[in-house]
Amino acid sequence: IGSLIHLYSISYMHDDENMHKFFAYLNLFVFFMITLVIGSNLLVLFIGWEGVGLCSYLLIGFWYKNQDYNDAAKKAFIMNRIGDLGLLIGIFILGRQFNTLDYTSLKTIISGASELNLYAVAVAAFALFIGACGKSAQIPLYTWLPDAMAGPTPVSALIHAATMVTAGIFMITRLNFIFDLAPDVQNIIAIVGAITSLVAATIGLAQNDIKKVLAYSTVSQLGLMFLALGLGAYEVAVFHVITHAFFKACLFL
């Protein structure tokens, strides 16, 4: 999907004076997302996580001569920092509890442990979910995503489809063995997802800018994915990540 959006951008940005800069940022965006997804531990995930946050800031504020676009970029960046603090706390707690950040080692330790500090695991899971809320635009950290329409349209397509907002879903799915130990946190995820889905869809009905409609639609779809995650249906959430990536990119382009 990233490749197809790149292809589309060639003619879309053809007359822009900063076309070379745009493609540098776009490539960096895809690079950080791939880093986030293929890393085998939470530290590499965090590097990719911050990287896509940086690239979204650079690309949303790409036409920096317009102050409103700069404000939208800053808003996206700062709201993501709030979520990232939660993610960091979650990573620190897991590292402190299990002395490793590697996914496979974590899973082995957790499945083999006779007694676990379930309270610490639950707090870590909740902190990680706050990180996912920031990145994947769930209530109350969802307002940055509709403003992210300030950038060029291919950027919106890339943020909404392939790279940025699905990172939270990916992270929770990747750490499913931790969330399975915290049923209360899973309930919270399901409730937040359901509420976000309803609220965002309702706001989308009243928008008159087509890109804003699509943005609220994305927030709503992500809410549905979180609902699936909270109910433990991880494969359903990932399936919808894939289908959503295709139809949302097509809609934006």
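Here the numbering used here is used: position 154 in the sequence shown is 420, and no number is missing along the way. Even glycine gets a Cβ: it sits at the ideal position worked out from N, Cα and C.
DSSP puts D368 in a beta bridge; with which residues? N307
Is the beta carbon of V296 sitting closer than 9 angstroms to the one on G268? yes
Measure the beta-carbon distance from I438 to L384 and round it to whole angstroms, keeping in mind my assumption that it falls under 8 angstroms. Not really, about 18 angstroms apart at Cβ, beyond 8 angstroms.
Within 9 angstroms, strictly: CB atoms of L411 and V431: yes
Contacting residues, own chain, Cβ-Cβ under 8 angstroms from T370 (five flanking each side not counted): S306
Whose C-alpha, out of Y500, L270, L441, is nearest the C-alpha of L360? L441
To the nearest angstrom, how far is it from the Cα of D282 to the Cα of D337? 21 angstroms
Use the C-beta contact count for N346: other C-beta atoms within 10 angstroms, 16 or more gives buried, fewer gives exposed. buried
Which whole-angstrom value is the C-beta distance of F288 and I357, which I expect to be below 8 angstroms? So it is not a contact: roughly 32 angstroms between Cβ atoms.
CB of A390 within 9 angstroms of CB of I355, strictly: yes
The segment 413-424 touching the segment 318-330, judged by at least three CB pairs closer than 8 angstroms: yes
Could you say which of F443, I425, F513 lies nearest to A499 if we only look at CA atoms? F443
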